[in-house]
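In full-length UniProt numbering, the protein residues as written are 1 to 530. Here a beta-carbon is modelled for each residue, glycine too, at the ideal position from N, C-alpha and C.
In C-alpha cells, the structure reads:
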C-alpha cells in the first residue's frame, strides 16, 4: 500500500469559490481568479525522505533540550564531570543551558537575506565574533545560489561542528563556543525545514507532515532525556550526551545533499530573473517527479505550469523589499505567524515544565526525585499527544485543535495558580493541571504553531517572514526564561501562573478572530485567501 498513489478525493472545485487573488503589490485592490492545481497524485514512499531529512533538524533541536538537562548535572558533579572546571557558577551554568538559544537567535537573523542581515546583526561579544564571522562567510558564499535545501545542509554542518566542539571541549570557553555553533544550526534548521517540507509535500498530507516535524522535536527531547539518564552517572558522561548527536548530523547533511531543491523556490528564482525560465521549468519538473514518485512528467509539468501562472498572478516577479513585509495581506501573514509563535512561548511553556519535578514530587511519585526519570515520563506524554495531533490535523483542521488545546492550556494554568495559592494540600490538582497543560500544548501550540507559520507567508516573502517568526519564537522563549525568576520573587508563583492564564485567554481571542483555517488548501490558495 505504501507505493500506491494516494488521494483524499477528487478535486472539489467549489473550495475555491469566492477566493480571489490580489494582483500587484500587497495593497492592490485588483483581483484575478485563483487557478486550481489538479489533484496531486503521489506515492507515499516518495514523500517520506523529503520529510525525514529536514525533520532531523527538528529532532536535533529537541535532543539538545533533553540532553542539556542531564548534561548540566553531569558537568557540575565533582565525581562524574571528568574536568577540573566542574565548579561552575550560576552564570556559567546559564551560558551552557542558553548558549544554543543565543546561537539560534543569530541563526534566525542569518536566515534573512544578506542585505537585511548586514543591517540587522547587533554587535557581539568578542567571545562569539570568530564563529559568527565564519558562519557569515558560509552564508555569503551561498547567498546567490542557496535555497531551502542548501540552508539545511549548512544547518547540519553547524550542528556537527557545535556537537563536536561541545563534546571535546578542553575548557569552558570552547564549550560555550560549541553550544553557540549548535544553536546557529537550530536557528537555520527551524527556519528552512518548515519551508522545505511545506513547499515539497503534497497538499493532502502537508499538515500532517509539518506537524510530524514537531513530533520529531519531541522525539528528540525524549531521546535526549534517555541519553541523560544513561550517562548521568558515567565519568565525563556529558561528553557522551552531546557526542551522541553527531551521527544524526551526518545523516541529515548527506540526506539533504541527495534530496532535490524545492520546485517552488526554483520557479520563484526564474520569474524574478535570477535563472533561465526554461531551464528552471525543466529542473522543477524533474524535482517534482522525484518528490511525487512519478515516472512520467506529463501531470507534473501541468502542475509546474499552474504554479508559474499563480506566481505571476500574485506578482512574484518583483523581489520583496523589507518594508513590504509590513503592508497589506503580507502584514496579516506576519501578524498571524508572529502572533502564534509569541503566544506559544508567553503562555508559560518553559516555566510550567520547570516546575514539573516539584509538582510530581509533592504528589508522592517515587521517581519524582530523579529529574531525568521525570523528564522521560513527561517526554513520553508529549510524544503521545503530538502523535494524536499529527493524525487528526488534516481531518479536523488547524483552528479546532488550536481553540480546543489553548482552552485546555488556560484551564490548566488557572488550576496551577489555585494550587499555589488556595489548594496547597491537594497536590493531585497540580498533577492534573501539569498533565493537562502538557497534553493540550502538544495538541495545539506545539505542532500547529510551526505548521501555520510555514503556510501563511507568500512565497517570495516566505524566507524573510519565517526568519522573523523564528526570531520572535526564540526571543520570546528567552524573555520568559529570563523573566520568570524575578517575576516569581516579585509577585509570587500563584499570581504569575494566573497571569499566564490571562495571556492564554488573550491568545484564544487572537486565534478565534485572526487565525484562518488552511486545511486542504494549496499554498497558493492560502495566499489568495488572506
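If you drop the 5 nearest sequence neighbours on each side, which residues of the same chain put their C-beta closer than 7 Å to that of residue i?
i           : result
residue 410 : 501, 504, 505, 508
residue 457 : 333, 337, 465, 466
residue 519 : 207, 394, 397, 398
residue 85  : 171, 172
residue 585 : The structure shown has nothing for residue 585, since the chain only spans 1 to 530.
residue 125 : Residue confidence is low: residue 125 scores 40 on pLDDT, short of 50, so the model does not pin down where it sits. No coordinate-derived value is stated.
residue 282 : none
Relative to the alpha-carbon of residue i, which residue among the options has its alpha-carbon at the smallest distance?
i           : options            : result
residue 226 : 244, 213, 209      : 244
residue 149 : 511, 254, 173, 475 : 254
residue 433 : 59, 462, 349       : 349
residue 387 : 472, 282, 446, 196 : 446
residue 516 : 224, 337, 222      : 337
residue 514 : 497, 404, 334      : 334
residue 175 : 71, 276, 208       : 71
residue 528 : 211, 332, 90       : 332
residue 166 : 64, 384, 193       : 64
residue 204 : 443, 487, 392      : 392
residue 449 : 211, 380, 52, 108  : 211
residue 510 : 406, 300, 257      : 406
residue 462 : 169, 66, 191, 68   : 191
residue 408 : 230, 347, 454      : 347
residue 328 : 377, 530, 472, 228 : 530
residue 213 : 421, 403, 383      : 383
residue 257 : 281, 49, 269       : 49
residue 468 : 109, 163, 293, 488 : 109
residue 47  : 436, 289, 340      : 289
residue 99  : 230, 51, 162, 240  : 162
residue 158 : 202, 106, 302, 301 : 106
residue 430 : 414, 304, 301      : 414
residue 494 : 352, 389, 478      : 352
residue 526 : 490, 454, 472      : 454
residue 419 : 492, 330, 303, 84  : 492
residue 401 : 422, 426, 442, 78  : 442
residue 44  : 292, 417, 479, 481 : 292
residue 422 : 476, 498, 385      : 498
residue 247 : 278, 160, 229      : 160
residue 209 : 451, 521, 377      : 451
residue 193 : 345, 153, 496      : 153
residue 488 : 417, 437, 470      : 417
residue 404 : 427, 309, 439      : 439
residue 252 : 470, 53, 285, 435  : 53
residue 340 : 77, 472, 90        : 472
residue 90  : 490, 521, 482, 426 : 482
residue 377 : 470, 428, 218      : 218
residue 305 : 325, 326, 324, 280 : 280
residue 470 : 264, 260, 102, 285 : 102
residue 151 : 490, 83, 478, 265  : 265
residue 412 : 242, 87, 435       : 435
If I measure Cβ to Cβ from residue i and keep anything under 6 Å in the same chain, skipping five residues before and after, which residues do I get?
i           : result
residue 75  : 81, 238
residue 104 : 183, 186, 187, 474
residue 155 : 57, 185, 188, 189
residue 216 : 55, 58, 59
residue 523 : none
residue 379 : 221, 222, 225
residue 512 : none
residue 385 : 439, 442, 443
residue 234 : none
residue 532 : With the chain covering only 1 through 530, there is no way to say anything about residue 532.
If you drop the 5 nearest sequence neighbours on each side, which residues of the same chain put their C-beta closer than 8 Å to that of residue i?
i           : result
residue 134 : The pLDDT assigned to residue 134 is 45, lower than 50, so where the model puts this residue is not dependable; a value taken from the coordinates is nonetheless given after this. Cβ within range, chain order: n/a, list empty.
residue 262 : 147, 148, 149, 195, 196, 199, 200, 287
residue 220 : 58, 59, 60, 61, 62, 63, 64, 65, 66
residue 476 : 341, 342, 344, 345, 346
Counting only beta-carbon atoms, is residue i nearer than 8 Å to chain D?
i          : result
residue 96 : The displayed structure is made up of one protein chain only, and chain D is not part of it.
Kindly examine the ligand FAD and report whether one of its heavy atoms sits closer than 7 Å to the Cβ of residue i.
i           : result
residue 104 : The ligand content of the structure shown is nil, which means the ligand FAD is not present either.
Ranges of the alpha helix (DSSP H) found wholly within the region 402-474, counting only runs of at least 4: The DSSP assignment places 427-443, 445-456 as complete runs of the alpha helix (DSSP H) inside the region 402-474, in order along the chain (cut-off: 4 residues).
Touch test, the region 85-99 against the region 167-182, Cβ-Cβ under 8 Å, three pairs minimum: yes
Runs of alpha helix (DSSP H) lying entirely within the region 74-112, each at least 4 residues, in chain order: 90-110
Uninterrupted alpha helix (DSSP H) stretches inside the region 223-284 (no shorter than 4 residues): Listed in chain order, they are 237-243, 246-258, 263-271.
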